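Read through the structure below, which is laid out as structure tokens, and then see the notes.
Number of protein chains: 6
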Amino acid sequence: MSKSKTALVISAHSADFVWRAGGAIALHASLGYEVTVVCLSYGERGESAKLWKQEGMTLEKVKAGRRVEAENAAKALDVHDIQFFDLGDYPLELDREAKYRLVDVIRAVQPRFMMSHSHYDPYNTDHAYATNVAMECRMIAQAWGHNPGEKVLGAPQLYLFEPHQTERMGWVPDTFLDISDVWDKKRAAIECMEGQEHLWDYYTNVAENRGNHFRRNSGGQAGGRPARYAEGFQSVYPRTVDEL
Amino acid sequence: MSKSKTALVISAHSADFVWRAGGAIALHASLGYEVTVVCLSYGERGESAKLWKQEGMTLEKVKAGRRVEAENAAKALDVHDIQFFDLGDYPLELDREAKYRLVDVIRAVQPRFMMSHSHYDPYNTDHAYATNVAMECRMIAQAWGHNPGEKVLGAPQLYLFEPHQTERMGWVPDTFLDISDVWDKKRAAIECMEGQEHLWDYYTNVAENRGNHFRRNSGGQAGGRPARYAEGFQSVYPRTVDEL
Amino acid sequence: MSKSKTALVISAHSADFVWRAGGAIALHASLGYEVTVVCLSYGERGESAKLWKQEGMTLEKVKAGRRVEAENAAKALDVHDIQFFDLGDYPLELDREAKYRLVDVIRAVQPRFMMSHSHYDPYNTDHAYATNVAMECRMIAQAWGHNPGEKVLGAPQLYLFEPHQTERMGWVPDTFLDISDVWDKKRAAIECMEGQEHLWDYYTNVAENRGNHFRRNSGGQAGGRPARYAEGFQSVYPRTVDEL
Amino acid sequence: MSKSKTALVISAHSADFVWRAGGAIALHASLGYEVTVVCLSYGERGESAKLWKQEGMTLEKVKAGRRVEAENAAKALDVHDIQFFDLGDYPLELDREAKYRLVDVIRAVQPRFMMSHSHYDPYNTDHAYATNVAMECRMIAQAWGHNPGEKVLGAPQLYLFEPHQTERMGWVPDTFLDISDVWDKKRAAIECMEGQEHLWDYYTNVAENRGNHFRRNSGGQAGGRPARYAEGFQSVYPRTVDEL
Amino acid sequence: MSKSKTALVISAHSADFVWRAGGAIALHASLGYEVTVVCLSYGERGESAKLWKQEGMTLEKVKAGRRVEAENAAKALDVHDIQFFDLGDYPLELDREAKYRLVDVIRAVQPRFMMSHSHYDPYNTDHAYATNVAMECRMIAQAWGHNPGEKVLGAPQLYLFEPHQTERMGWVPDTFLDISDVWDKKRAAIECMEGQEHLWDYYTNVAENRGNHFRRNSGGQAGGRPARYAEGFQSVYPRTVDEL
Amino acid sequence: MSKSKTALVISAHSADFVWRAGGAIALHASLGYEVTVVCLSYGERGESAKLWKQEGMTLEKVKAGRRVEAENAAKALDVHDIQFFDLGDYPLELDREAKYRLVDVIRAVQPRFMMSHSHYDPYNTDHAYATNVAMECRMIAQAWGHNPGEKVLGAPQLYLFEPHQTERMGWVPDTFLDISDVWDKKRAAIECMEGQEHLWDYYTNVAENRGNHFRRNSGGQAGGRPARYAEGFQSVYPRTVDEL
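Residue numbers (this note's numbering), protein chains in the order written: chain A, 1393 to 1636; chain B, 1393 to 1636; chain C, 1393 to 1636; chain D, 1393 to 1636; chain E, 1393 to 1636; chain F, 1393 to 1636.
See the structure below:
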């Protein structure tokens, strides 16, 4: 059921994984990872202003439109599997059944690492909620008494991807990933988000400036790596290593 | 002057590198690193209570005794080079000349990573002072206008090794290093510190419990690595990586 | 439905808006604002000790008494509209219906700014809960897909008013408001809270000392404004300005 | 109903009180306290890996086994009363009825102090949840309008006992308790936890090293108390004293 | 030289100990403590605006006036010994000689507890500087190699007394002391500060409101102690106790 | 000597004011402010890599080149007065004489607001040092006993301008300033920094993305202001206002 190299991205709304982790997804796909994306909602109520401004719009049409965009973006990023939980947004809520469904995915994927949102977001309570759920479901997936007989989860890292207005979220990146080689894929995925065109350049700027941070932290003018685009992540758990 | 694999440990007092980074030193030596240790002081005034309780003790005798202990420990850990700056302790202070001397060492070593104390220590202001100096001298070593013509420093990580009473220091480990293979060397080095025998078991307990943390964070009962001894470190700067 | 100058205060219990924001309410009323107050509960179980010590007291009597006090205080402060959601206290809980009711008020009022409690309160979990709800409902009110066709909310500031024992709540005021001109109204409103007479002088002291802080921060002995009474607030979101 | 010297420990899973507060329990029992322990769950799903690896294991068998272990440990620690709420774990959840049941216990015990978990635990969301519930139920127990006529709660301290991997939990001990005199009882209680033998030495190391912290903070080499074993606690509320 | 019950207050400017610790001083004097106060400066430049507004004022006159006020206040508080280091203010600076002078006092007094300012103060950098010096000199006083043969210091608590605008200083009180019995002495000492009459009522308000906090934290309406005046303190080090 | 509308920017190195506050400077100049810039050093050693890579470079040549660049940028931004303290960099240090020189400038300018760097910067210790000095000199400038007879300083806000890698510096913007109208001037000033061309686009991206943050925080898609470029600032002190 699980493959040796896998990753799991838990996205509160259907576009979050593109802006915030698109480079990591495409890069790891290129490294042989099977990356699964779970969209807990479509962001249909709260992140689809442009659609709602159209005549005759309905919730179902918005959801369908958002789904197509997300599927296209997933394709552009070489996502292995994208799942839509369709749990509603603004607010997003998971009952126990929905949590167990997420646990099932975690156990099936057996990810080497997981990704989700920042711990705190005063603009968007769905984001922090998704992260809390990610931590809770990771814990349940590790429980030997949950669906005994299934393969229990190890201890994958949980990376928090970059929120909007990072400093107000208390998000501090500890890891920069060079995504220069897959930037074209990320930009293509970004452009699938037709309803949020105002963010295309915003996240391109972010990627360029994180590239600067990568260069600085890899040596700067004295040997730094010439990364052009990067993504930043905050780790929830410590690393375990054999060499510093 | 510099070699491809090097590291630099900046120790406020002559025993700190043993308790707090002895495993990392011995392990990286076994991996082919040349590890340099700089002891800014001998800890002669503040960390030599047992010696001072002896009859007829003098500052010079204490320093000589502490130096021998540190040299023996360094040998046990396969330290490449140990330097004693003899700057005095309780309080430790570096004037500009002393800082430039440390910059000279940093540039000569060109470390892949550096190590020093926690950012804060209300029990021991020398410790946080040494870390501030380490950050300042790292910055000076990166300046193209400092001794122009010398090879400037890149951007090595600065790892903060484990202080005493971690929680009161605001120290949070983000990296656990498996030191099981070199534990015998670390214990041997610890036993060189004859004046602080009351700490031998203390730091053995620390290493065992950090081993537990390593096991948990590498997978726990579902695939965790059976590390028996570990050391923890806090990173000051973000990592730059090609794979998460 | 909405007027150009409006504000909305979300109060966990029916007296909170008086102690913590009475001056801001009366002052903005005097500036032409229509201020709406929502009392999520009466504080009938947890903040009515004096009433409960009377013979033959019932929950309904306590609620009725608390309501009268709050209405009188609202009148003294020139509140435009006070609404009692009567959701119960100790603990306070809002289901989705109650949240949507609050969203309806937010949208109807279209406040220039909102007010609620501190982010954290280990003595009174209702307070932090109310603030979380305020942030969540502000978010829902901004969603174009929530009751499409209604006027969506802009981005009003959320001010956290002063809790009891500020330092233990992690509350840090960034804005002091001079309420000297309306102090008499605030004191009158305070005296409407007959069941909590032990707090009258407490919050008078607070207002006087915040007046001192206002004077200091507006210039101190070199040009500070002679405010006699003030209130402090913590902002959740950044300000957007044309001049610093 | 209540006795002059009482304490209440709220344990998310049935073994937590042993590792984290066993010394405090036994010591206060020896001082004449009646200590009540509430185990909100048995930890049957998430903290019983060893049992689940046995053939033919069922949830009921795990719970029964965990209960016996906890009862034996409680006996070893001279616990006055141990109550099992059997609310389930991974995740632990309390509805209003369960909270009121806990409030009933708090009021019946009228504890001088309470104990629970750290405020945050990214590995185990049950732990922080239990602490939130402890604060909420302490608040309800103080409400004069909750079950009017009952003796309301005063303001007992809530001590947060030591979590696993303290630094990642943001847990900072402010109080060290000398448990040397009752160490044998704590070790005996620890050994009742047959399913978690891998933690016996871990928590013995913790107790020894906290003993070192006790010695240091009580005077170190200049008059410190020769405590051999200690436990650390973080206080949620300030102390009120007549002498510093 | 030292007596069994002693305390040491380190005051950056000559009036700080009155506003911030006057109650603790008078109370402990009444309990048999010999309390020593060290005024590092007179606050002659920065905290004597009223004097400087007088005609013909000189630095020496200001210092003399401030000294008389501080001596009078010390008398009112039953201070055992007050020492003026006269090191200058705005900014305050201690060279090594001055630090060793303070170490001499610490060792001579052998205080059960020490007091100084908050860790941080963006309005008054002298305050945080004094606290850093207090921690550094406490460390030196503990060093067996500093003036060998002298009685070294144990591990006295360092209490941080209440700053102005507490929340902006990151100061969080963990201990409230009932000073009702000595309030008259504190008020008398406060009134010795003739040049800062604008602060008399300010700190009276503080004492009254801290009295409210004392009452709440000692039991509130269900058994709280009827303290009328209190002072709050933040502890730098953990406590070591035999009973919680 | 002072004018009604003035501001003061304290820049550790000669280019910092351009990247971090160029928009605020030009905007306030356009509003009639006289803006003074103090460059504590030229950044000659640490921030002039490109110059040092040229043949035959000397410290004096670097300083001269950096000065010309800064003067040109100041002209582009309509700076009223730019002063070069030439105190050296990497590390920057101010003795008492240099601090008093800065105090003289502060008092002469009598700024409505001041600006400097973030509180913390592990990459560049000069930056946090400059901010500490700014707070200290602000305090000295407020002292009635410092050069009695001079006009003492009121209580101007100290804005911390945007550092590189904001999240690692603990910098949190609370104020966004719309600089769209003066963006051309800022870009022109940026292009004066010929030695740091790699940062031109970096800070253009920053300004664009801060423009996005301005739009979001001023109302987003429901009435937000269409700012194209913005700068963010963190306030050290609270605001004092008459309307929220």
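Ideal Cβ positions, reconstructed from N, Cα and C, are used throughout, including at glycine.
What you are looking at is a predicted structure, and each value in this text was computed from that prediction instead of being measured.
Rounded C-beta distance between residue i and residue j? I'm assuming under 8 Å.
i                         : j                          : result
alanine 1522 of chain C   : histidine 1509 of chain C  : 5 Å
tyrosine 1629 of chain F  : asparagine 1609 of chain C : 6 Å
valine 1410 of chain D    : glycine 1537 of chain A    : The pair is not a contact, with the Cβ atoms about 19 Å apart (cut-off 8 Å).
glutamate 1389 of chain F : methionine 1585 of chain F : Outside the shown range of chain F (1393 to 1636) lies residue 1389 of chain F, about which nothing can therefore be said.
Under 7 Å Cβ to Cβ from residue i, same chain only, skipping five residues before and after it: list those, please.
i                       : result
glycine 1480 of chain B : Ser1433
lysine 1466 of chain A  : Reading off the sequence, residue 1466 of chain A comes out as alanine, not lysine. Same-chain partners within the cutoff: Val1429, Ile1474.
proline 1548 of chain E : Pro1503, Arg1504, Phe1505, Met1506
Can you pull the chain B residues whose beta carbon is under 9 Å from the beta carbon of residue i, in chain order?
i                        : result
valine 1598 of chain D   : Asn1597, Asn1601
tyrosine 1551 of chain A : Leu1636
Would a C-beta distance cut-off of 7 Å place residue i and residue j closer than the cut-off?
i                             : j                             : result
valine 1525 of chain A        : leucine 1486 of chain A       : yes
alanine 1404 of chain A       : aspartate 1496 of chain A     : no
phenylalanine 1606 of chain E : aspartate 1573 of chain E     : no
glutamate 1436 of chain B     : arginine 1459 of chain B      : no
leucine 1443 of chain C       : glycine 1587 of chain C       : yes
tyrosine 1512 of chain F      : methionine 1561 of chain F    : yes
glutamine 1626 of chain B     : valine 1544 of chain B        : no
alanine 1399 of chain F       : phenylalanine 1505 of chain F : yes
glycine 1438 of chain F       : alanine 1535 of chain B       : yes
Please compile the residues from chain C whose C-beta is within a distance smaller than 9 Å of the C-beta of residue i.
i                       : result
glycine 1616 of chain F : Gly1546, Ala1547, Thr1632
Ignore the nearest five residues each way along the sequence and tell me which others in residue i's own chain have a CB closer than 6 Å to its CB.
i                          : result
alanine 1421 of chain C    : Val1427, Asp1470
methionine 1393 of chain D : Low confidence applies here, because methionine 1393 of chain D scores a pLDDT of 41, under 50, leaving its location unreliable and the question unanswered by this model.
glutamate 1554 of chain A  : Arg1412, Gly1624
Could you work out which residues of chain F lie near residue i, taking near to mean beta carbons separated by less than 8 Å?
i                         : result
glutamine 1613 of chain A : Ala1441
For residue i, which residues in chain F fall below 7 Å Cβ to Cβ?
i                        : result
arginine 1608 of chain C : Ala1547
tyrosine 1482 of chain E : Met1531, Ile1532, Ala1535, His1538
Under 8 Å between beta-carbons, which chain D residues line up against residue i? List them in chain order, please.
i                       : result
valine 1454 of chain C  : Gly1537
alanine 1416 of chain E : Leu1636
Spatial neighbours of residue i within its chain, please: CB distance less than 8 Å, with the 5 preceding and 5 following residues excluded, ordered by chain position.
i                         : result
glutamine 1557 of chain B : Tyr1515
alanine 1599 of chain A   : Gly1415, Ile1571, Trp1575, Lys1578, Tyr1621, Ala1622, Glu1623
glutamate 1542 of chain C : Arg1499
glycine 1611 of chain D   : Arg1617
Using a Cβ cut-off of 7 Å, pull out every chain D residue sitting near residue i, in sequence order please.
i                      : result
serine 1627 of chain E : Asp1566
For residue i, return the contacting residues in chain E, with the cut-off set at a CB-CB distance below 9 Å.
i                        : result
arginine 1560 of chain B : Val1628, Tyr1629, Pro1630
Residue i versus chain B: which residues are under 7 Å apart at the beta carbon?
i                         : result
tyrosine 1594 of chain F  : Going along chain B, no residue has its Cβ under 7 Å from tyrosine 1594 of chain F, so there is no contact; the nearest lies around 17 Å.
histidine 1605 of chain D : Gln1557
Which chain A residues are close to residue i, counting only those with a beta carbon under 7 Å from its beta carbon?
i                         : result
glutamate 1436 of chain D : Gly1537
Whose Cβ in chain B lies nearer than 8 Å to the Cβ of residue i?
i                       : result
leucine 1423 of chain A : Glu1635
Give, in chain order, every residue of the region 1438-1450 of chain C whose Cβ lies closer than 7 Å to some Cβ of chain E. Ala1441
Along the region 1528-1541 of chain B, where does the CB come closer than 8 Å to a CB of chain F? Name the residues. Glu1528, Met1531, Ile1532, Gln1534, Ala1535, Trp1536, Gly1537, His1538, Pro1540
Identify each residue in the region 1564-1590 of chain E for which the Cβ-Cβ distance to at least one residue of chain C is less than 7 Å, and report them in chain order. Val1564, Pro1565
Output, in sequence order along the chain, the residues in the region 1496-1522 of chain E whose CB is closer than 7 Å to any CB in chain D. Phe1505
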